[in-house]
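Residue numbers (the numbering used here): 44 to 623.
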């Protein structure tokens, strides 16, 4: 007779389930403890062997793992250098903390505040509606109009802010398409099964509007220094690493380098890519093509709806007009500060060098100093009773305090502090020496490999994090290969933003996926062609148009040779101090 099967005690079952739930919901806490312990031999080896680069590499690896997995919030991970670097005798506390509110960080926040001022007065909606009506109201022209607005706004404000502004506008346009039966905005149950309580999935045509807005915001952000965080990371790392560089990365120079190919040509390629993959271009006989043909026939109906929405906003208020003036003033001041073509206004002032951060801060102060209206003038010479209510400024501090992502200050500053520590300790030189094989390869091949490697890394983690990690290494690699540092760092900085495959790749990707409930599989399919265009155009731009704009990149400059010799002596002094 067979032995009866002994039942498993409920305690064992509950213990197994409890362990599973513990690993599922508390893996972040475990990771924050396990990772430093596993990597501890690296730290011990660095101290016992007097290898400061290994000690700093310990911090670099831990921060990279925490940044990628987000076991600890990104912003808190960025505070590690403040604690670690003074204790490890790399940098003093003052030298570390000054990176967290440097001129580059101030410039970023200034641009973000101006963007919030535009949102505060609803100026972005007026610009979008006027542009869309001007371009046309057929589905393909609507897409073009949304992309033009998104890319233009992201030139002057952060790409994440531009995307966040455009999403409600796209949603309103699609709601009108749905209510007027212009085209199907949502998929059917057969096309994409939905579980109970799950929001309806957008159709391919509807998704193309969100993709177009996010992609064009990302591309537009590559056009200026303040358009995206990675550009400012590049500026900060380059200026801190090479303070004696003769080629200043100024606002006009950066635009001249990026706008023609990386922005304009890239926008055209992405637009036609979306038309082919999502709007049945050259496939007029397909179901989507026939639906869009019908929608094009009803474009006048759509235009009437949009004009009514624009009319309901009324004429431009004094508030909006002043924000436009401040916004325009900021652009003019940034362009004319040190244009290179003629003497800039900063050179005419008999004072210390005036940076872009001072320019942006001046415009930020104006937003809080100017009133939304000037009706108070009529009370200056009038008689009582006077109004008891104060007049609001162009931007409210409460609104700014609620909506501004203050944690980005830590993320940018932590990257700058880590880059400085890697330079002082010799980590970048250590890694660059391990890549010495690159000096025997053609420069074009090395550049293409770096672009592809950086693109791959940016596909799976935050582009700001990737830029903070790889750019200092590429700076040292450029010295090792004796090529201009801009030739390796500027293109790789741009490619970190031009990855459209996953929500984590860029902030605009994450925003549209969260806002419109778009699944990652649809984002990956739509982003393949735009990512390819970005890689191709950045590569072509760096070896063609970029050489025209910055001809100094064709050779290894004299200042770099002097700085290379000086840096070697500086590192030796630092290592001597470390040993002591």
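Just so you know, even glycine gets a beta-carbon here, dropped at the ideal spot from N, CA and C.
Item                                                                                                                     : Value
Residue(s) in a DSSP beta bridge with residue 436                                                                        : 414
Same chain, Cβ closer than 6 angstroms to residue 208, five either side skipped, listed in chain order                   : 162, 167
Any beta strand (DSSP E) of 3 or more consecutive residues that is wholly inside the stretch 242-312                     : none
Buried or exposed by the 16-neighbour rule on C-beta atoms within 10 Å, applied to residue 191                           : buried
Rounded Cβ spacing between residue 252 and residue 217 (contact assumed at less than 8 angstroms)                        : 7 angstroms
Three-state secondary structure (DSSP) of residue 315                                                                    : helix
Alpha carbon of residue 330 to alpha carbon of residue 553, nearest angstrom                                             : 30 angstroms
The stretch 137-157 touching the stretch 302-317, judged by at least three CB pairs closer than 8 angstroms              : no
For residue 541 and residue 574, believed in contact at Cβ under 8 angstroms, the rounded distance                       : 7 angstroms
Sub-8 angstroms separation of residue 405 and residue 490 beta-carbons                                                   : no
Reference residue 152, options 454, 300, 605, closest by Cα                                                              : 454
Residue 294 and residue 399 closer than 8 angstroms at C-beta                                                            : yes
DSSP state of residue 378 mapped onto helix, strand, coil                                                                : helix
DSSP beta-bridge partners of residue 229                                                                                 : 245
Alpha helix (DSSP H) runs wholly inside the stretch 460-543, at least 4 long, in chain order                             : 470-477, 486-503, 506-524, 528-538
Limits of the alpha helix (DSSP H) - the one that residue 214 falls within                                               : 202-222
Limits of the alpha helix (DSSP H) - the one that residue 552 falls within                                               : 550-559
Euclidean distance between Cα positions of residue 487 and residue 605                                                   : 25 angstroms
8 angstroms contact criterion, which residue 33 and residue 96 should meet: CB distance rounded                          : The structure shown has nothing for residue 33, since the chain only spans 44 to 623.
Touch test, the stretch 120-128 against the stretch 164-182, Cβ-Cβ under 8 angstroms, three pairs minimum                : no
Backbone CA spacing between residue 260 and residue 523 [nearest angstrom]                                               : 36 angstroms
Burial state of residue 177 (16 or more Cβ within 10 Å)                                                                  : exposed
Proximity winner among 439, 150, 181, relative to residue 164 (alpha-carbon distances)                                   : 439
The alpha helix (DSSP H) enclosing residue 338, as first and last residue numbers                                        : 330-340
Distance between residue 110 and residue 116 (C-alpha atoms, nearest Å)                                                  : 8 angstroms
When 335, 106, 568, 381 are compared against residue 296, the one with the closest alpha-carbon                          : 381
Three-state secondary structure (DSSP) of residue 593                                                                    : coil
Whole-number beta carbon distance between residue 277 and residue 532, since they are thought to touch under 8 angstroms : 6 angstroms
8 angstroms CB neighbourhood of residue 129 in its chain, flanking five on each side removed                             : 135, 136, 139
Assumed close pair residue 257, residue 555 - CB separation to whole angstroms, cut-off 8 angstroms                      : 5 angstroms
Range of the contiguous alpha helix (DSSP H) that encloses residue 197                                                   : 182-199
Inter-residue spacing [alpha-carbon to alpha-carbon] between residue 93 and residue 99                                   : 12 angstroms
Straight-line gap, residue 319 to residue 247 (C-alpha atoms, nearest Å)                                                 : 11 angstroms
Of the residues 131, 114, 76, 371, the one placed nearest residue 90, counting alpha carbons only                        : 131
Buried or exposed by the 16-neighbour rule on C-beta atoms within 10 Å, applied to residue 396                           : exposed
Residue 73 (DSSP reduced to helix, strand or coil)                                                                       : helix
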